[in-house]
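Report on the following structure.
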Amino acid sequence: MNNITCFTDEISRDFETAADVLGEKQIREFDLRNMRTGRVPYISLEEEKEVEKLLSCYDYKINTISPAVGKLNIVEPELKFKTIKHLYDSIVFAKRHGIKNIIVFSFRKKNKYDLNETMPLYGWDILEEIVELGIKYDINIMFENHSSCFISTIDSILDFKQMERFHNNVYLNWDPNNSYQVSRKKYAGEYKEICDIVKNIHVKDTIYKGDTEIRVPLGKGEVGWEQIFADLIKGEYRGKYTIETHYKPYIFNALSDIERLEGYLSQK
16 MNNITCFTDE ISRDFETAAD VLGEKQIREF DLRNMRTGRV PYISLEEEKE
66 VEKLLSCYDY KINTISPAVG KLNIVEPELK FKTIKHLYDS IVFAKRHGIK
116 NIIVFSFRKK NKYDLNETMP LYGWDILEEI VELGIKYDIN IMFENHSSCF
166 ISTIDSILDF KQMERFHNNV YLNWDPNNSY QVSRKKYAGE YKEICDIVKN
216 IHVKDTIYKG DTEIRVPLGK GEVGWEQIFA DLIKGEYRGK YTIETHYKPY
266 IFNALSDIER LEGYLSQK
């Protein structure tokens, strides 16, 4: 299926190894994050050339890069300078390799479990500059909901949407598992409220024993993926699904989740 992608570091930090393994599953579009020499865009020139050679030789494509832009604490000194520089460097990397989508976060909260904590105005101003840079360089900004950040739960996504932050090149990289981590609320049909802004979905599942999070095979956890997939299919979702298993043994679990995802998507 050409709508399934995978973070290469879920297989191996060596791009060629990851591409070879995923190719066995007919996956030729990947997401980049951690690599042998660092996290994109800050990898060695030698490794970057290796990636570019493989992209051109085998017609591989990159769906997104996740450089962790915006994952600093909201009270981080020089937050604006560090964030904008990080994004600019990521845009330069993306443009060199024909990559259209960059995942961005919405700054870490002081307390991720405080659902009433609101982002200071200066944080919103920085997000506006992020959007403007995306427009300027024709890059899609994919805001990911993350359990530690201001955009985390469905409610915070909707607050962000209502402020008309999503437009043109601004989309949601939706991670239902991340929402569940902080809200502990199983999916209850919210996709219909965000369907117009979702462009990419991170796929992983989890259960909790007390406060301990345990990653499990897709569909075996508490997130509510069976209903999520039913709603996505019913709503004719046309974006990508990205495997982000996040637990060892990485190759076995990533390939297993790919098979489980294919099973869900075949139930149309």
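Position 102 of the sequence shown, counting from 1, maps to 117 under the working numbering, and the rest follow consecutively. For glycine and all other residues, C-beta sits at the position ideal for the given N, C-alpha and C.
Query: Assigned exposure category for S59 - 16 Cβ within 10 Å defines buried; Result: exposed
Query: Distance CB(W189)-CB(H217) smaller than 9 angstroms; Result: yes
Query: Short Cβ contact (9 angstroms threshold) for E274 with C21; Result: no
Query: Rounded C-alpha distance that separates E132 from K124; Result: 7 angstroms
Query: In chain order, each alpha helix (DSSP H) run of at least 4 residues that lies wholly inside the stretch 109-195; Result: 136-151 and 169-177
Query: Neighbourhood of G149 by C-beta distance below 6 angstroms, restricted to the same chain and skipping five residues each side; Result: I156 and N184
Query: As assigned by DSSP and simplified to three states, the class of E228; Result: strand
Query: H261 - DSSP class collapsed to helix/strand/coil; Result: coil
Query: Backbone CA spacing between E237 and V231 [nearest angstrom]; Result: 9 angstroms
Query: Reduced DSSP secondary structure (H/G/I, E/B, other) of N268; Result: helix
Query: Residue environment, K300, which counts as buried when at least 16 other CB atoms sit within 10 Å; Result: Here the chain comprises residues numbered 16 to 283, so residue 300 is not present and cannot be evaluated.
Query: C72: first and last residue of the uninterrupted alpha helix (DSSP H) it sits in; Result: L60 to Y73
Query: Supposed contact pair I114 and I145 - C-beta distance, whole angstroms, cut 8 angstroms; Result: About 16 angstroms; that fails the 8 angstroms criterion.
Query: Proximity below 9 angstroms, CB of G138 to CB of S163; Result: no
Query: S74, buried or exposed, once every other Cβ within 10 Å from all chains shown has been counted against 16; Result: Here the sequence assigns Asp to residue 74, which means Ser is not the residue at that position. Its Cβ having fewer than 16 others within 10 Å, D74 is exposed.
Query: Whether G239 touches A203 by CB criterion (9 angstroms); Result: yes
Query: V90, buried or exposed, once every other Cβ within 10 Å from all chains shown has been counted against 16; Result: exposed
Query: Contact check, A83 vs I154, beta carbons under 9 angstroms; Result: no
Query: G254 - DSSP class collapsed to helix/strand/coil; Result: coil
Query: Alpha-carbon spacing of P191 relative to D140, whole angstroms; Result: 26 angstroms
Query: Residue of I209, K201 and K151 minimising C-alpha distance to K176; Result: I209
Query: Short Cβ contact (9 angstroms threshold) for K200 with T168; Result: yes
Query: Residue environment, D220, which counts as buried when at least 16 other CB atoms sit within 10 Å; Result: buried
Query: S81, DSSP secondary structure in three states; Result: strand
Query: Span separating the alpha-carbon of L276 from that of P56; Result: 29 angstroms
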